[in-house]
Structures are given as C-alpha cells and as structure tokens.
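Asks:
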Amino acid sequence: MKHFARLAAAAVVCASTSMAAWAADTTLRVSTWLPPTHGINTEIFAGLIGMIEEASGGQVSGELVFGLAPPPAQMDLIQDGAADIAIIFHGYQPGRFIGTKLIELPGFEGNAEAASVAYWRVHEAHLAKLDEHRGVKLISLNTHGPGQIHTSKDVASLADLNGLKTRIGGGVAGDVGAALGLVGINVPAPKVYETLESGAADAVAMNVGERVGFKLNEVAKNLYDMPGGFYRGSFAIIMSQETFDSLPADVQAALDEKVFGEPASRMAGAAWDKSDMIGYEATKSAEGTKIVDASAEDQAKFAAIAAEVTAKVLAELEGAGVDAQAAYEMVKAEMAAN
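Quick note on numbering: the sequence shown equals residues -23 to -1, 1 to 315 in mature numbering (1 follows the signal peptide of the UniProt record, and there is no 0).
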C-alpha cells in the first residue's frame, strides 16, 4: 500500500511538472461579440490561438471572453487595454474607415480565402499609408464570402427587393442597398434573429454562412443568390500594441513572421469559405427554405449597379490619397492568382 502511495505521489508530481512545462506564460484575452458556436469563435479565433501557441512554442495562448462590449466598440476596447485581441467589422463605424471599402466591392471573382490574401497584400502596397488602424497592432485583414439577401418574404427577382426593410451592416453593403431600393435598418449582427422574427425587418444582407451562425433558416426562409454576391464584408483582427510590446522579443518576431499578416488573413478567409459551404448545405436541407438564383437579366441589371458603386468608392479612395485604380486592379489580379 505504501508502495502504491509513493507511485501515486510520483505520478502527481510528474503530471504537475508536465502541465507547468506546457502552460503558457501569457494568456491573451480575446474579446468576442458573437455567439459561442459562431464560426468566428470556433474556427477563426480557435485557429488564431492555435497558430500563436505553435509559433510561440507554447509561451503564449489565448482565451475567449464574451460580452465585453458591443461590436462597434471593439477597437476602443483594445486601445483601452480591456482586452488583448478582438475582431472588428469596419462597416460598423461609418466614416472611420475608407480604404477597407475596396475589398467590399461587388464584382471580384474568387472565394473568401483568395480575397483575404489579396486584401492583405493590397493593404501593404496601397492602403497601409492611410493608417486607419493606428493605435493597435494589426493581426489580419479578411473578408467573408459573397454577401447575399436573405428574406422572410418571397423574392423572385431583383425588383422584388425594392422597399424591403433590410438589416444592412454598413460599408459598401449600404451603398448597394441604397441602389437596390432597400430600406436600411441598422442593428448589430447578434440582433438579426430577433429583428427578423419580430417583423421589424423583412430581410438581411449577410454571407450565406450566417444562415447557420445566426439561425437565418428559421426566420429568413428565402435566399436570393447573386453570382459573386452583392458585396463582401471587411474585417480586421487587432491586438493591443502595449500587449504585443510586452512579449519577449523572440516571440514578437515569431508572431510577425509566422502568424500575423498574410498567414492569419488566409486562415480567416478559409474559415469563412467553410462556413458558407455549411450554410448552403444547411439551407438546401432545411424545411421550407428556398434558394432563388438571380436570372441573367437581373445579373446584368446588378452589374450596372455594381459599376456605379465601384466608381463611387474608387473616387473616395482617390480623394484619400490612394491610387485607387491601381489598388483595384491589384485585388483582381491577386484573387485570380490565388
């Protein structure tokens, strides 16, 4: 019995030592404003934390913290030091970001992974000089897949969208919505379900993955699907500069080389693609749902709208000091190459 006790004690010591050896020296607080099961949490943040742990040799990890602040306040939250990492949707803060609207334009051909990689590269080449993320450490830039229109009412054509009360996230989606005749309703993404369920909105503009992420198959039975989408949504993952500066120099170098920038942007884009694939499959199998593909006539009508919106946004970028046409052509070329 004493022999067993000594073995048990030794095992406890060994296990404790092993756990201590693998325990992170720093655990970053990752602020999230999304439901626990949303892909941003289960795929993007989980993937990012895994990349950080690997690159830092286990010295740095992360944990999700829910409900610290509403979506528009996430950047301020990080600057105030209340969390270490967060994801922001640029469209929630009208006027604060201009360069970010470039990747949101309709008409780009390619998935979210290709768009996110192109986004990071064009940022480095053309957009970084705008310094729109000043005050924080920029970890990645990414975009969700093509944004579509999800409705609680039957929609058979582009004309049927006119006058629908629609939750629109902001950014280029707002420009497109206005051109389509949608009546914009401004509520954060986590409020979409109840807004549709209550009848306060007839529709929502979101990527298809959100049919699962926000349970749209229950309250927006109809998906009006435009090839290439009506827009894309621009996101950034940001980190407290003070937190980053407090990490050991070798860890900073490893994160900058192996995680931050293009690697994290690619990972996030791929996660958005996965969510869209799941969303389409869930919609096809859900009871009472319907996917309406835009007709060739409606595609041509929207192409004209997209051209007008693109010209407007490129003029904004030009006014901000960006070589807008060169940046636009770079996005297209990079997406084609990926």
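All C-beta atoms, glycine included, are put in the ideal place defined by N, C-alpha and C.
Flag this pair as yes or no: are the beta carbons of A301 and M28 separated by less than 9 Å?
Replies: By one-based count along the sequence shown, residue 301 stands at place 324. By one-based count along the sequence shown, residue 28 stands at place 51. No, Cβ-Cβ distance for A301 and M28 is not below 9 Å.
Asks: Which value, in whole angstroms, describes the spacing of the CA atoms of N139 and F279?
Replies: Stepping through the sequence shown from its first residue, residue 139 is reached at position 162. Stepping through the sequence shown from its first residue, residue 279 is reached at position 302. C-alpha separation (whole angstroms): 13 Å.
Asks: Taking A182 and A150 to be in contact with their CB atoms under 8 Å, please state how far apart those CB atoms are, rounded to whole angstroms.
Replies: As a first step, residue 182 must be located in the sequence shown, where it is residue number 205. As a first step, residue 150 must be located in the sequence shown, where it is residue number 173. At roughly 5 Å, the Cβ-Cβ gap stays under 8 Å, so A182 and A150 are in contact.
Asks: So what's G238 in DSSP terms, helix, strand or just coil?
Replies: As a working mapping, residue 238 is identified with position 261 in the sequence shown. In this structure, G238 counts as coil in the three-state DSSP scheme.
Asks: Using 10 angstroms around the beta-carbon of D253, count the other beta-carbons present and answer buried if the total reaches 16, otherwise exposed.
Replies: Locating residue 253 in the sequence shown gives position 276, counting from the first residue. Answer is buried; the Cβ neighbour count reaches 16.
Asks: In three-state DSSP terms, what is V181?
Replies: Position 204 of the sequence shown holds residue 181. DSSP places V181 in strand when its eight states are reduced to three.
Asks: CB R6 to CB D61, shorter than 9 Å?
Replies: For the purposes of this step, residue 6 is identified with residue 29 of the sequence shown, where counting begins at 1. For the purposes of this step, residue 61 is identified with residue 84 of the sequence shown, where counting begins at 1. In contact: R6 and D61 (Cβ atoms closer than 9 Å).
Asks: Go ahead and label A303 buried or exposed: buried means 16 or more other beta carbons lie within 10 angstroms of its beta carbon, across all protein chains shown.
Replies: Stepping through the sequence shown from its first residue, residue 303 is reached at position 326. So A303 ends up on the exposed side.
Asks: Between which residues of its own chain and E285 is the CB-CB distance below 8 Å, once the five residues before and five after are set aside?
Replies: Within the sequence shown, residue 285 is the residue found at index 308, counting from 1. If the five residues before and after E285 are omitted, its C-beta is found closer than 8 Å to the C-beta atoms of A156, all from its own chain and listed in chain order.
Asks: Are the stretch 217 to 231 and the stretch 30 to 45 touching, with three or more C-beta to C-beta distances below 8 Å?
Replies: yes
Asks: Distance check for L193 and E171, CA to CA, integer angstroms please.
Replies: Walking along the sequence shown from the start, residue 171 turns up at place 194. Walking along the sequence shown from the start, residue 193 turns up at place 216. Cα to Cα, the separation comes out at about 10 Å.
Asks: Would you grab the beta carbon distance between A166 and P48 for me? Rounded to a whole angstrom, and I think it's under 8 Å.
Replies: Stepping through the sequence shown from its first residue, residue 166 is reached at position 189. Stepping through the sequence shown from its first residue, residue 48 is reached at position 71. The pair is a contact, with the Cβ atoms about 7 Å apart (cut-off 8 Å).
Asks: So, with DSSP's three-state summary, where would you put L41?
Replies: The count along the sequence shown starts at 1 and reaches residue 41 at position 64. Here L41 sits in strand by DSSP.
Asks: For G190, count neighbouring C-beta atoms within 10 Å of its own C-beta (all shown protein chains included) and say buried if the count is 16 or more, exposed if not.
Replies: Here residue 190 is taken as the residue at index 213 of the sequence shown, counted from 1. The residue is buried, with at least 16 neighbouring Cβ atoms inside 10 Å.
Asks: Based on Cα-Cα distance, which residue from E311, A231, G298 and F207 lies nearest to D152?
Replies: In the sequence shown, the residue the question calls residue 152 occupies position 175. Nearest option by C-alpha distance: F207.
Asks: Rounded to whole angstroms, how far is the Cβ of T287 from the Cβ of L104, which I believe are closer than 8 Å?
Replies: Position 310 of the sequence shown, counted from the start, is the residue given in the question as residue 287. Position 127 of the sequence shown, counted from the start, is the residue given in the question as residue 104. Incorrect: roughly 16 Å between the Cβ atoms, too far for contact.
Asks: Across which residues does DSSP place K142 in a beta bridge pair?
Replies: Along the sequence shown, one-based indexing puts residue 142 at 165. Per DSSP, V160.
Asks: Am I right that N119 and A245 are in contact with their C-beta atoms under 8 Å? What's the rounded C-beta distance?
Replies: Taking the first residue of the sequence shown as position 1, residue 119 is located at position 142. Taking the first residue of the sequence shown as position 1, residue 245 is located at position 268. Right, the Cβ-Cβ distance comes to about 4 Å (below 8 Å), so this counts as a contact.
Asks: Taking G154 as the reference, give the member of H127, K168 and E174 with the closest Cα.
Replies: Taking the first residue of the sequence shown as 1, we reach residue 154 at position 177. If we check each option's Cα against that of G154, H127 comes out closest.
Asks: If you draw a straight line from the alpha carbon of S33 to that of R111, how long is it in whole angstroms?
Replies: Numbered from 1 along the sequence shown, position 56 holds the residue referred to as residue 33. Numbered from 1 along the sequence shown, position 134 holds the residue referred to as residue 111. Take the alpha-carbon of S33 and the one of R111: they are about 25 Å apart.
Asks: What are the boundary residues of the alpha helix (DSSP H) that R98 is part of?
Replies: Here residue 98 refers to the residue found at position 121 when the sequence shown is read from its first residue. Taken as a continuous stretch (DSSP letters only), the alpha helix (DSSP H) holding R98 covers A89 to V99.
Asks: Buried or exposed: which applies to F22, given that a residue is buried once 16 or more other Cβ atoms fall within 10 Å of its Cβ?
Replies: Along the sequence shown, one-based indexing puts residue 22 at 45. Per the 10 Å Cβ criterion, buried.
Asks: Return the first residue and the last residue of the alpha helix (DSSP H) that A314 is part of.
Replies: The count along the sequence shown starts at 1 and reaches residue 314 at position 337. Here the alpha helix (DSSP H) through A314 covers A301 to A314.
Asks: Between which residues of its own chain and L107 is the CB-CB distance below 8 Å, once the five residues before and five after are set aside?
Replies: As a position in the sequence shown, residue 107 is number 130, starting the count at 1. These residues qualify, in order along the chain: I75, G76, A297, G298 and V299.
Asks: Considering only the alpha carbon of each residue, which of G24, I26, T220 and E90 lies closest to V308?
Replies: Residue 308 sits at position 331 when you count from the first residue of the sequence shown. Looking at the Cα atoms, E90 is the closest of the given residues.
Asks: Could you have a look at L82 and say whether DSSP puts it in helix, strand or coil?
Replies: The count along the sequence shown starts at 1 and reaches residue 82 at position 105. Secondary structure at L82: coil, using DSSP grouped into helix, strand and coil.
Asks: Does the Cβ of A311 have 16 or more other Cβ atoms within 10 Å, making it buried, or fewer, making it exposed?
Replies: For the purposes of this step, residue 311 is taken as residue 334 along the sequence shown, with counting starting at 1. Here residue 311 is Glu; the residue named in the question, Ala, does not match the sequence. Label assigned to E311: buried.
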